[in-house]
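**Q** I have a structure here, written as structure tokens, and I will follow up with some questions on it.
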């Protein structure tokens with residue numbers, strides 16, 4: 063029996079490593095968002111500061127581990143075997159849940175997930191225990207569960223969302239009014255004071271968060287007070303001295319080394335939040351396995367007695383966590399921080415919702431967002447009508463966009479360092495206040511909502527993007543509540559099935575967790591492959607030469623995709639091969655998605671094309687439109703064929719088979735000729751290709767006449783005729799737009815080359 067539980071402890075630690083990886087991937091957005099978004103320093107410097115913060119914070123987290131032992135349930139009410147079921151159910155659920163959120167690039171709270179997993183598993187095991195004893199669940203459940211903790215967490219969610227967003231928006235509004243987007247001028251006069259205030263707040267945050275749960279907080283001073291008590295009684299004095307010191311120190315650094323104040327603030331804030339994350343959230347990943355390990359040690363120390371009778375009252379006491387374990391956990395977190403692609407995906411979501419400049423919106427619009435934007439617009443207009451025009455004009459002038467980044471910058475920041483500083487300072491002070499008042503604020507919720515509030519004040523959410531950004535914020539907030547619901551339900555179900563069905567179910571669920579993680583990894587890999595294919599899409603950062611090269615590759619892909627859909631689609635349709643048609647449908651979908659993205663990027667692309675006597679922009683717009691129409695043509699040709707096969711309608715007759723095979727073969731040859739001219743960029747054979755197209759069009763007209771004869775002779779039915787006419791109509795449409803695409807591409811290349 064001892065060996066069995068030893069295996070379970072090993073499983074817990076294996077799950078802990080997995081949980082560290084998936085957890086850090088999600089929580090990295092909390093402290094990297096501002097530095098990465100503002101490009102405050104090279105990435106290696108940002109990651110170095112974050113890594114130092116994580117490593118130092120990890121060593122301070124020892125005292126926080128008790129939340130996993132006694133924060134959610136009363137351990138003295140459970141025996142060793144039941145505790146192990148609870149802990150295993152929690153870790154299995156946490157790995158699956160966080161990995162799922164990471165895969166979809168959605169930030170969530172690891173604190174909320176672990177708390178509700180502990181709650182769900184503890185409730186499930188408690189219910190089984192009460193039922194077996196013949197008791198009343200409603201009457202006795204409160205003896206097992208610390209329900210006030212769950213209520214405090216829910217309150218914390220609502221409080222974090224509202225307070226962080228409001229304070230972030232207000233502070234950013236006042237800061238921007240003071241500094242404007244042309245902040246370098248005002249920064250000469252107020253920079254040291256602003257930097258001193260910011261770093262004072264960050265220092266206070268580091269002290270408050272560092273002391274929470276740390277061993278040195280209770281060291282007694284000569285005055286008889288502990289360090290924690292001294293800080294509490296002298297907070298005001300400490301802040302005044304700190305502010306004075308930092309103002310003078312920053313001003314000296316500026317005079318002597320000409321340092322950029324905002325860069326220092328952003329990097330210091332990144333370090334502070336990374337430290338807080340490691341100190342506060344490490345318990346979410348390794349607290350449960352460590353509690354399981356402590357339980358196992360206590361059980362073995364008592365002679366490995368019956369696990370079904372050995373009480374877990376020892377978990378109610380404080381147990382120190384070995385420093386080497388904390389350091390190992392910190393190192394795993396650092397490696398994950400640097401290597402994880404999923405962390406980059408979660409950070410991208412936050413940056414997409416808060417960026418100042420235009421770009422692709424990750425989220426669509428929603429009814430609630432449209433109502434809010436409509437109402438806000440009306441309110442804004444009414445306020446503007448009431449206030450004096452001089453006042454509104456003066457305020458607007460403080461928010462006039464300006465960037466110190468060169469227009470030739472291939473990858474500009476999402477926002478400036480002023481907003482990044484406010485993000486970090488406001489998040490730091492809110493978390494510090496919450497910690498000192500023992501309020502259950504989530505670092506994820508605070509940092510995310512502060513970032514959203516500051517982006518609103520900076521007018522990053524304008525009429526063009528607000529509805530999409532608000533929908534995105536709603537999606538993220540909805541995901542937070544969904545986290546609690548899924549965590550509670552799944553963890554409870556896993557614990558219930560293990561408790562009822564027996565210990566073998568533990569290994570079943572471990573296998574399920576492994577399969578789920580592998581599947582999400584595969585899904586992420588496929589998505590990366592699709593992204594690699596979409597790298598041909600012209601981005602805002604591309605220079606003119608890159609635009610020309612990508613345009614060439616886009617044209618080649620468009621022609622190849624069209625050829626494949628026509629040739630393979632007709633072949634599989636005539637064979638009544640549904641699976642084959644579905645494969646072709648994937649090609650059609652990818653083509654449609656690429657063409658849409660290309661067209662959506664038209665505005666930013668033509669601004670990159672050099673102006674001159676030969677304007678290639680007009681031809682580029684034509685190219686994108688014709689390519690989009692080609693994608694429509696192959697889509698509207700393929701979909702009716704798939705429906706025809708899926709509904710098991712009668713196949714085409716032999717004459718139709720022959721005609722479709724012939725025309726598909728001729729179209730294939732036509733596309734090969736087009737492809738040759740596009741690849742060589744000669745366009746010498748364009749007249750010959752047009753003749754080739756005209757011959758196919760004559761063939762299509764003849765097919766149309768033949769079909770009319772078949773209808774009159776009642777050789778085919780209505781459904782057959784509708785599909786046949788649809789196919790040849792879309793073929794005609796496709797051929798016309800292919801030639802137009804080729805002409806537009808020729809003119810685009812010719813005029814662009816002439817410019818250069």
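Numbering (this note's numbering), first residue to last: 63 to 818. We treat Cβ as the ideally placed atom computed from N, Cα and C, and that holds for glycine.
So residue 412 packs on residue 543, CB below 8 angstroms; how close in whole Å?
**A** Wrong, their Cβ atoms sit about 18 angstroms apart, outside the cutoff.
**Q** Of the residues 414, 78 and 425, which one's Cα is nearest the Cα of residue 91?
**A** Closest option to residue 91, Cα to Cα, is 414.
**Q** CA-CA distance, residue 556 and residue 571?
**A** Distance between the alpha carbons of residue 556 and residue 571: 8 angstroms.
**Q** Measuring CA to CA, which of 187, 718 and 646 is closest to residue 693?
**A** Comparing Cα positions, the closest option is 646.
**Q** Check for me: the alpha helix (DSSP H) holding residue 297 runs from which residue to which?
**A** Run containing residue 297: 297-319, per the alpha helix (DSSP H) assignment.
**Q** Compute the distance between the beta-carbons of residue 482 and residue 791, then report whether it is under 9 angstroms.
**A** No, these two residues do not count as a Cβ contact at 9 angstroms.
**Q** Whose C-alpha, out of 748, 283 and 119, is nearest the C-alpha of residue 333?
**A** Ranking the options by Cα distance to residue 333, first place goes to 119.
**Q** Helix, strand or coil: how does DSSP classify residue 75 here?
**A** Helix, per DSSP.
**Q** What's the call for residue 615, buried or exposed, on a 16-neighbour Cβ count within 10 Å?
**A** So residue 615 ends up on the exposed side.
**Q** For residue 241, I'd like the list of residues in its chain whose CB is within less than 6 angstroms of its CB, leaving aside the five on either flank, ordered along the chain.
**A** Answer for residue 241: 248 and 480, listed in chain order.
**Q** Quick check: the Cα distance between residue 534 and residue 95, rounded to an integer number of angstroms?
**A** Taking the straight line joining both Cα atoms gives about 16 angstroms.
**Q** Give a yes or no on contact between the region 799-810 and the region 734-749, applying the rule of three or more CB pairs nearer than 8 angstroms.
**A** As far as the Cβ criterion goes, the region 799-810 touches the region 734-749, which means the pair count is three or higher.
**Q** What are the partner residues of residue 681, as DSSP defines its beta bridges?
**A** DSSP, once it has assigned bridges, lists no residue as partnering residue 681.
**Q** Which of the three DSSP states, helix, strand or coil, is assigned to residue 288?
**A** It is a strand residue.
**Q** By DSSP's criteria, residue 282 is part of a beta bridge. Which residues make up the other side?
**A** Beta-bridge pairing links residue 282 to 288.
**Q** Look at residue 116 and residue 390 and say whether their C-beta atoms are less than 9 angstroms apart.
**A** No, the pair does not count as a contact, with Cβ atoms beyond the cut-off.
**Q** Quick check: what's the CA-CA separation for residue 180 versus residue 369?
**A** For residue 180 and residue 369, the distance between alpha carbons rounds to 20 angstroms.
**Q** Is the beta carbon of residue 376 sitting closer than 9 angstroms to the one on residue 137?
**A** In this structure, residue 137 lies closer than 9 angstroms to residue 376 by Cβ.
**Q** If you scan the region 159-198 from start to end, which runs of the alpha helix (DSSP H) of 4 or more residues do you find wholly inside it?
**A** Correct list: 172-194.
**Q** Out of 336, 662, 567 and 443, which has the shortest C-alpha to C-alpha gap to residue 97?
**A** Among 336, 662, 567 and 443, the Cα nearest to that of residue 97 belongs to 336.
**Q** Near residue 777, which residues of its chain fall below 7 angstroms by C-beta distance, leaving aside the five closest residues on each side in sequence?
**A** Excluding positions up to five away in sequence, the list reads 715.
**Q** For residue 425, which of helix, strand or coil comes out of DSSP?
**A** Three-state result, residue 425: coil.
**Q** How big is the Cα-Cα spacing for residue 513 and residue 485?
**A** Roughly 6 angstroms separates the two Cα atoms.
**Q** Comparing alpha-carbon positions, which option in 583, 780 and 290 lies nearest residue 164?
**A** Checking every option, the nearest Cα to that of residue 164 belongs to 583.
**Q** Within its chain, find whatever has a CB closer than 7 angstroms to the CB of residue 728; leave out the 5 residues flanking it on each side and keep chain order.
**A** Contacts found: 758 and 761.
**Q** Pop quiz: residue 545 and residue 175 are said to be a contact at Cβ under 8 angstroms. What is the actual Cβ separation, rounded to whole angstroms?
**A** Right, the Cβ-Cβ distance comes to about 5 angstroms (below 8 angstroms), so this counts as a contact.
**Q** For residue 525, which of 657, 436 and 505 has the nearest alpha-carbon?
**A** That would be 436, whose Cα lies nearest to the Cα of residue 525.
**Q** Below 6 angstroms CB to CB, which residues in the same chain sit around residue 254 once its five sequence neighbours on both sides are set aside?
**A** Cβ within range, chain order: 309, 312 and 313.
**Q** Please report how far the alpha carbon of residue 490 lies from the alpha carbon of residue 103, in whole angstroms.
**A** Straight-line Cα distance between these residues: approximately 20 angstroms.
**Q** Put residue 141 into one of helix, strand or coil per three-state DSSP.
**A** DSSP places residue 141 in strand when its eight states are reduced to three.
**Q** Taking the alpha helix (DSSP H) that residue 778 belongs to, which residues open and close that run?
**A** Unbroken run through residue 778: none, as it is neither H nor E.
**Q** Please state the DSSP three-state secondary structure of residue 553.
**A** Looking at residue 553 - three-state DSSP - the assignment turns out to be helix.
**Q** If I measure Cβ to Cβ from residue 699 and keep anything under 8 angstroms in the same chain, skipping five residues before and after, which residues do I get?
**A** So the list reads 627, 628, 631, 788, 789, 792, 793 and 796, once near-sequence residues are dropped.
**Q** Starting from residue 460 and walking both ways along the alpha helix (DSSP H), at which residues does that stretch end?
**A** From DSSP, the alpha helix (DSSP H) with residue 460 extends over 451-460.
**Q** Locate the alpha helix (DSSP H) running through residue 354, then write down its first and last residues.
**A** Looking at the DSSP string, the run of the alpha helix (DSSP H) that includes residue 354 is 350-363.
**Q** Given a cut-off of 9 angstroms on the beta-carbon distance, is the pair residue 70 and residue 150 in contact?
**A** Their beta carbons are under 9 angstroms apart, which means residue 70 touches residue 150 by this criterion.
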